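Chains as they are written, first to last, in numbering that gives the first Met the number 0: chain B, 0 to 115; chain P, 0 to 418. In this text, a Cβ means the ideal position worked out from N, Cα and C, and glycines have one as well. All values reported here derive from a predicted model rather than from experimental measurement. Worksheet: one structure, shown below.
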Amino acid sequence: MKFLMTYASDPKSGPPTPEQMAAIGKFSQEMIKSGVVLMTGGLVRPTKGTQVRLEAGKFTVTDGPFAETKELIDGFALIVAQSKAEAIEHARRFMSVAGEGQGEILQVFDGSEIPG
Amino acid sequence: MTVSETHLAINAVFRIESPRLIAGLTRMLRDVGRAEELAQDALLAALEEWPSSGVPDKPGAWLMATAKHRAINQLRHGKMRERKHAELGSDAQARQNADVQSELVARIDDDVGDDLLRLVFTACHPLLSTEARVALTLRLIGGLTTQEIARAFLLPEPTIAQRIVRAKKTLAEKQVPFELPRAAELGARLASVLEVVYLVFNEGYSATAGDDCLRPALCEDAQRLGRMLVGLAPDEPEVHGLLALMEINASRLPARTDAAGEPILLLDQDRSRWDPLLIGRGLAALARAEALGGANGPYALQAALTACHARAQSAAETDWPRIAELYTRLLERVPSPVVALNRAVAVSRAEGPAAGLALLDQLSAEPALAQYALLPSARADLLTRLGRRNEARAEFERAAALTQNARQRARLLERAKSS
Chain B
0 MKFLMTYASD PKSGPPTPEQ MAAIGKFSQE MIKSGVVLMT GGLVRPTKGT
50 QVRLEAGKFT VTDGPFAETK ELIDGFALIV AQSKAEAIEH ARRFMSVAGE
100 GQGEILQVFD GSEIPG
Chain P
0 MTVSETHLAI NAVFRIESPR LIAGLTRMLR DVGRAEELAQ DALLAALEEW
50 PSSGVPDKPG AWLMATAKHR AINQLRHGKM RERKHAELGS DAQARQNADV
100 QSELVARIDD DVGDDLLRLV FTACHPLLST EARVALTLRL IGGLTTQEIA
150 RAFLLPEPTI AQRIVRAKKT LAEKQVPFEL PRAAELGARL ASVLEVVYLV
200 FNEGYSATAG DDCLRPALCE DAQRLGRMLV GLAPDEPEVH GLLALMEINA
250 SRLPARTDAA GEPILLLDQD RSRWDPLLIG RGLAALARAE ALGGANGPYA
300 LQAALTACHA RAQSAAETDW PRIAELYTRL LERVPSPVVA LNRAVAVSRA
350 EGPAAGLALL DQLSAEPALA QYALLPSARA DLLTRLGRRN EARAEFERAA
400 ALTQNARQRA RLLERAKSS
């Protein structure tokens, strides 16, 4: 199973230290090397991204609001795991390195999933 | 967390940690079977303690410490004393129990960098039968349970359990050392590892839509093993070649069957359904294999072949001259009649039906292809394109008689009729 993992650090926790950045880099490298992470990247966050919406045939775009702090850690990873519990454990490990914040775990539909 | 959630979490931790755990313990004990038992013991301890204490911050370290503790305890109780005395040499006979213990502790503290790779080479040791290697690799490195392996391979669980037990016994009896192969034997040993991984992949690739979902998941397991091997042996071009081959083939999984679950041939597939992420990863892995000087490795060549299809925007844009050339090179490395047959088909597309037919005719006396339906069906295709309809009809009929697949037989007979 593939999962899309997103993470946004807590704005109150402030910008990451160089040591923290190095630890995150090392962790990511290990996860790529062990075959868990297929793709990963950081995200530029003005607190919220650009919101797009199609409603009643009308397409709307809303920007921001923009953040006061630019150097927050926001990122995503596409990972392979054998169960959701395994994806949760990878998220726990990542957050223990990246610090306080929140994230989401979304299973990627790959057409071959058979329910049950 | 509820108890059942905690159990799921513990099993997830164990699946992630068990390969390294077993690898580290094997280096310490020089016995894969004992290492796996101790790893299981540590899992049982976790299932007992973690629901009340919570999952520790570094669960891998906890499991390793628990397993090591038990290993040393067992040693203290003398269970392994004799075995270790014998292994450490004749003068060890004179040593005190404490010395043996410190020797073991020293082994624990060695650099653990290559343990996992050592475990891969051990599980794929050529002393073991291919099926034993497959089962042991999925169990020890893939982290699958015996039950999961059995379900994926459509075999009874005791069959797989027995294969694993026998394999571990063979490794112990033959005293297979827990080490990386020496340079002289590295090629053959690595080929044995790659063969196992590709076999797992193909087992998953041949699964059909109605199968238990663990069967198609074998593709993902094999890709995961391949990606891990690339991390462990980044300088080996064929490791990248095999990964490239698997990633690109897997990119076509969503497009390989129609709504009714019937297979769709590569050239008829909807290319917009091929997974671009996997194609990108596969092409990058192929580029690395070639950059490492491995362009002529059998896996790299097969990956290059499959990459030709991945690069073509439509079936009509396929670079057949390049495919024919790659098959020629593959045939030099792997002299197989099936490769020769594929080469002839590629030549027919690159240079025309007459050139392809001339190559196919050279294969008609090949005993390995005597029962192979694809040979007469390929000939029939080319004869049709050359307007030799009577000969084509006979070949379609011959192909229909040889094929095991009812649907394919019907299609071939239909083509025979319209020839």
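Excluding five sequence positions before and after P:A66, the CB atoms of its chain that fall closer than 7 Å to its own CB belong to L20, L24, L37, A38, D40 and A41, given in chain order. Per DSSP, P:P180 has no beta bridge partner at all. DSSP places B:L105 in the strand class (E or B) of the three-state scheme. Judged by DSSP secondary structure, B:L77 falls within the beta strand (DSSP E) whose first and last residues are D73 to V79.
Between P:I159 and P:L135, the gap from beta carbon to beta carbon reaches 8 Å or more. Take the alpha-carbon of P:R332 and the one of P:G296: they are about 8 Å apart.
By the Cβ neighbour-count rule, B:L53 is exposed, with fewer than 16 other Cβ atoms within 10 Å of its own.
Take P:S205, set aside five residues on each side of it, and no residue of its chain has a beta-carbon closer than 7 Å to its own. Taking the Cα positions, P:A354 is about 15 Å away from P:L374. Pairing P:P125 with P:A45 gives a Cβ-Cβ distance that is not under 8 Å. For P:R223, the chain B residues whose C-beta falls within less than 7 Å of its own C-beta are G34 and V79, listed in chain order. Taking 8 Å as the cut-off, the beta carbon of P:V133 is found closer than this to the beta carbon of P:V195. DSSP places P:Y326 in the uninterrupted alpha helix (DSSP H) bounded by W319 to R332. Against chain B, a Cβ distance below 9 Å from P:N10 picks out S82, A84 and E85. Considering only beta carbons, the part of the region 44-56 of chain P lying closer than 9 Å to chain B consists of V54 and D56, in chain order. P:Q268 is the residue among P:R33, P:L127 and P:Q268 whose C-alpha sits nearest the C-alpha of P:L252. Distance between P:A339 and P:R406, taken at the CA atoms: about 26 Å. The C-beta of B:A21 has fewer than 16 other C-beta atoms within 10 Å across all chains shown, which makes the residue exposed.
One thing to note: P:V337 has its Cβ no nearer than 8 Å to the Cβ of P:A323. B:D9 is outside the set of residues whose beta carbon lies under 8 Å from a beta carbon in chain P. Around B:L37, the beta-carbon contacts reaching into chain P at under 9 Å are R226, L276, L277 and R280. Taking 8 Å as the cut-off, the beta carbon of P:A343 is found closer than this to the beta carbon of P:L362. Residue environment analysis places P:Q222 among the buried positions, since at least 16 neighbouring C-beta atoms fall within 10 angstroms of its C-beta.
Excluding the 5 residues flanking it on each side, P:N341 has same chain C-beta neighbours closer than 6 Å at Y326, in chain order. Under the 8 Å criterion on CB atoms, B:S95 is classed as interfacial with respect to chain P.
Legend: CB atoms of the region 7-35 of chain P lying less than 8 Å from CB atoms of chain B belong to residues L7, A8, N10, A11, V12, R14 and I15.
CA-to-CA, the gap between P:N10 and P:S17 works out to about 10 Å. A straight-line Cα-Cα distance of about 36 Å links P:Q161 and B:R91.
Following the DSSP letters along the chain, one finds P:S417 inside the alpha helix (DSSP H) bounded by residues A405 to S417.
When the beta-carbon positions are compared, P:C123 and P:S191 come within less than 8 Å of each other. Taking CB atoms only, B:D62 has no neighbour in chain P less than 8 Å away. Under a 10 Å Cβ-count criterion, B:F58 is classified as exposed, with fewer than 16 other Cβ atoms of the shown protein chains found around its own Cβ.
A contact between stretches requires three or more CB pairs, one per stretch, nearer than 8 Å, and the region 239-254 of chain P meets this requirement with the region 276-284 of chain P. Unbroken alpha helix (DSSP H) stretches of 4 residues or longer found wholly inside the region 234-315 of chain P: 236-250, 275-290 and 297-310, given in chain order. Proximity of chain B to P:E219 at the Cβ level (cut-off 7 Å) is accounted for by V79, in chain order. Counting along the chain, the unbroken alpha helix (DSSP H) around P:L139 starts and ends at T129 to L139.
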